[in-house]
Every structure is written in structure tokens, then in C-alpha cells.
Amino acid sequence: MLKTCKKFTPEWGQALTIDKLISIVIPNYDGKRFLECVLSSIKNQTYKNFEIILVDNNSQDDSIEFVQSNFPEVKIIKLTKNYGYAGGANAGIKKSKGKIIIVLNNDVELDNHFLEIIHKYFINHPDISYIAPLSLNYFQRDIIDTAGDIFTKEGKPFKRFMGENIHQISLKEEPIKFISGVAFCVRKEALKKVGLFNEVFFAYLEDVDLSFRLYRAGYKAVFLPDARLYHFEAATTRDVFNIKKYSRRGLDTPLKTYLIARNKLWVIKKNLSKGEIIKNLLWIIWGLIKSAGYHFRKSEQFPYFFLGTMAGIIRNPKSE
4 MLKTCKKFTP
14 EWGQALTIDK
24 LISIVIPNYD
34 GKRFLECVLS
44 SIKNQTYKNF
54 EIILVDNNSQ
64 DDSIEFVQSN
74 FPEVKIIKLT
84 KNYGYAGGAN
94 AGIKKSKGKI
104 IIVLNNDVEL
114 DNHFLEIIHK
124 YFINHPDISY
134 IAPLSLNYFQ
144 RDIIDTAGDI
154 FTKEGKPFKR
164 FMGENIHQIS
174 LKEEPIKFIS
184 GVAFCVRKEA
194 LKKVGLFNEV
204 FFAYLEDVDL
214 SFRLYRAGYK
224 AVFLPDARLY
234 HFEAATTRDV
244 FNIKKYSRRG
254 LDTPLKTYLI
264 ARNKLWVIKK
274 NLSKGEIIKN
284 LLWIIWGLIK
294 SAGYHFRKSE
304 QFPYFFLGTM
314 AGIIRNPKSE
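All residue numbers for the sequence shown refer to this note's numbering, where the first residue is 4 and numbers rise by one.
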């Protein structure tokens, strides 16, 4: 299944230079089946000055034992319960030493030059504080998973160019506001100013929320198409090995549907002013109607969409 993942070379970890160190933080929950792929792809990087911090959200699948036996250089943080992507990421960031942070999904494979490209760009562009790489579908590697995110006036997050063929569209380096949590590349100094991921989100759209705060604080981001990785998509909430085709329906799980429905309303409440909400209220309502129609007619997850929407309306998120 993971035949494209090469065995790692032994060069990593021999000498780390702190001022040029990249800290890679990987939140993990029952992701043992993906860890060899992601960790091997990190160790095969052309840029070797990095640390790997695996934050385990109380997995029940022997993830920790697997990493300890096969990747002893990886630093492991063991949490007593599942704190989600946001809580796991924050725990790792707090223990990191690097000036550049990359919070990475456990279900990805990095291109061998990924870290080199990210590091070089940050060094050569001190005005850029966060970067969106190009994420491609793991099984269909010419199909885009995300090229950064957008947040519409309907209050809906979208992955830019999702499902598009890279050979049929023009991708270029360009400014962007929102970056995806599949590989959240950011300077630590920026996080010290705006805070970390909001843990009340648990998972999904915590990346949009943090991007909002970075952008509103004046930090700049860029989409970098040469920095590439390959993503399984929603691996924690579905049996990815039974869904090889890139189908939207296969990605709509109950948990994901609930969290996205709730969290997109929380993003609006946290990051838009009352004036902005009133100005876009009809668009926001229209977006909710369209989402309801989609989940009722196509995804088979309407009850979870409804529950998530009600939670988003009734409850208020805590501020980071």
C-alpha cells in the first residue's frame, strides 16, 4: 500500500544547528499504519537540520511502540486523552526548539526537497511568516488536495483548486491568506504574537482560525507550489484503505461533518466583527442552506451537519 515510501537514510540527527532548526510536529491518533510513510519521507529530506516531535493523543494501536522501535530519534509526547489536532499540535509546538514550525498531518508523504524549499524561502523572504505548500492526493498524484485555503463571504472554507489536475491549470507562487493544517508552515515568532491553535476546535478549521489571526495581525503568507506533499485526506476519521478513488462522498464522515459544521460558525464568531457578520448575513444563511442541501441529498450525513450547526449557533468558542 505504501510502496512509494522509501526507507530513510541514516544521516539525519547527526548535528543540529538550533538557529536553522525546523521543528516538525505531528499530532497522531491511531495512525500507526501511516507513520512509517510520513517518518521515512521526513528522514529522506535533502535538508537535514530538523527535529521530529510526535504528539500521541492516547492512541490504542501501538503507535508509540512502533515509533520507539523503528524511529528512536523521534521525540514522543504522550497525552493522556485525545486532544485532537489542535491540542496535539500545541503540545508539540510548546516543546519545539526550532524557529520554523511545521505542523504536519500523520497521513502524508513529503517530497524529498520539501524542507529544503520551505527553509530556503523563509530565509530569503523575511517578510513572509507562513507558507502554504502544494498538497496532492496520495493515490492520484496529479490531482490537487489543496493549494492553500480560502474563506468565502458565505462563511465557508474551501481548499483552493481541490480536485483539479496540476497539468491542466497554472499554479504560481502568490500571496495567500489561509493555509491548510495538512502542513502548517509558520515562524515561531509569529505564533508568539497571535497564539497557538484554538483547542476548543479539536479538529478542522483550527487552521483557518489561526490563519485569520495571523493575517489580521499583519503577517504575510505565500502559496509555494514547488513545496509538495501527498495526502491521504481525513485518514483519522475514515478507513482510507478502502477508498482509493478521490470521491467527495468518501470523505464525508460523521465526525468530520459535525466538526466542520460547528467550527465554521465558530470561525465566523471569533474572527468577523459584528459589522462584517451583518453585512454578509444573507450570504452566510445561503451558505448554510446549500450545505444542508448537500448533506441531505448526497453525503448521507445530514443529522451530523444539523447537530454541528446547532452547536455552532448555540455555543461560543473560547478565544485563543
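We put the CB at the ideal spot given by N, CA and C, even for glycine.
Identified DSSP bridge partners for residue i
i, result
"Tyr233", "Glu112 and Leu139"
"Arg190", "Ile103"
"Glu326", "What is shown of the chain runs 4 to 323, which leaves residue 326 out entirely."
"Pro129", "Bridge partners of Pro129: none, in fact."
"Thr149", "Ser138"
"Pro160", "Phe154"
"Ala94", "The partner list for Ala94 (beta bridge, DSSP) is empty, contrary to what the question assumes."
"Asn168", "Ile146"
"Asn31", "Asp59"
"Ala224", "Tyr133 and Ile179"
"Lys324", "Examination of residue 324 is not possible in this model, given that the chain is present from 4 through 323 alone."
Closest Cα partner of residue i within the set the options
i, options, result
"Ile96", "Asn201, Phe226 and His170", "Asn201"
"Leu254", "Val211, Glu279, Glu303 and Gly34", "Glu303"
"Gly221", "Lys196, Glu209 and Phe309", "Lys196"
"Cys188", "Ile21, Asn266 and Ala92", "Ala92"
"Lys198", "His298, Arg163 and Gly90", "With the sequence shown as reference, residue 198 is identified as Gly, and Lys is not the correct amino acid for it. The residue with the shortest Cα to Cα distance from Gly198 is Gly90."
"Gln143", "Gly166, Ile126 and Ala150", "Gly166"
"Asn115", "Thr49, Met313, Lys23 and Glu54", "Thr49"
"Arg190", "Lys162, Val270, Ala206 and Phe125", "Phe125"
"Lys156", "Tyr297, Trp289, Ser43 and Ile316", "Trp289"
"Phe305", "Ala206, Phe161 and Ile263", "Ile263"
"Ala314", "Leu268, Leu284 and Ile280", "Leu268"
"Arg265", "Ser294, Phe164, Leu217 and Asn60", "Ser294"
"Tyr86", "Lys301, Phe205 and Pro320", "Phe205"
"Ser44", "Thr83, Leu118, Lys23 and Asn61", "Leu118"
"Ala193", "Glu209, Tyr218, Leu208 and Val203", "Tyr218"
"Lys321", "Thr83, Ile287 and Lys273", "Lys273"
"Lys51", "Gly101, Phe154, Gln63 and Val70", "Gly101"
"Glu76", "Leu285, Ile67 and Ile292", "Ile67"
Cβ-Cβ separation, residue j to residue i (assumed contact under 8 Å), whole Å
i, j, result
"Ile179", "Ala224", "5 Å"
"Val111", "Val41", "6 Å"
"Glu54", "Ser26", "5 Å"
"Val270", "Phe215", "7 Å"
"Asp148", "Phe181", "The pair is not a contact, with the Cβ atoms about 15 Å apart (cut-off 8 Å)."
"Ser183", "Lys162", "7 Å"
"Ile104", "Val28", "7 Å"
Residues of its chain near residue i, where Cβ-Cβ distance is below 8 Å and the 5 sequence neighbours each way are ignored
i, result
"Asp145", "Leu139, Asn168, Ile169 and His170"
"Ala238", "Low confidence applies here, because Ala238 scores a pLDDT of 48, under 50, leaving its location unreliable; read the following figure in that light. Correct list, in chain order: Gly34, Phe37, Asn108, Asn109 and Asp110."
"Leu227", "Ile120, Ile121, Tyr124, Ile134, Ala135, Pro136, Leu137 and Glu176"
"Lys98", "Ile56, Lys78 and Ile80"
"Leu82", "Val58, Asp59, Asn60, Asn61, Gly90, Gly91 and Ala94"
Cut-off 7 Å between Cβ atoms - residues of its own chain near residue i, not counting five sequence neighbours on either side
i, result
"Tyr307", "Pro257, Thr260 and Tyr261"
"Lys282", "none"
"Lys248", "Per-residue confidence for Lys248 stands at a pLDDT of 39, beneath the threshold of 50, marking its modelled position as unreliable; no derived number is given."
"Ser250", "Note that Ser250 has pLDDT 41, beneath the 50 cutoff, so the model's placement of it is unreliable and the number below is only indicative. So no residue of the chain qualifies."
Own chain partners of residue i with C-beta closer than 6 Å, once the 5 adjacent residues on each side are dropped
i, result
"Leu213", "Phe200"
"Asp242", "In this prediction, Asp242 has a pLDDT of 45, which is less than 50 and means its spatial position is unreliable; nothing more can be read from the coordinates."
"Pro30", "Val58, Tyr88, Gly91 and Ala92"
"Lys6", "Per-residue confidence for Lys6 stands at a pLDDT of 45, beneath the threshold of 50, marking its modelled position as unreliable; the derived number appears in the next sentence. Excluding positions up to five away in sequence, the list is empty."
"Ile131", "Lys223 and Val225"
"Ser173", "none"
"His298", "Gln304, Phe305 and Phe308"
"Gln17", "Residue confidence for Gln17 is low, a pLDDT of 49 falling below 50, so the modelled location carries little weight; the figure read from the coordinates is stated next. Here the set comprises nothing."
"Asp64", "Asp33 and Lys35"
"Ala94", "Val58 and Ile80"
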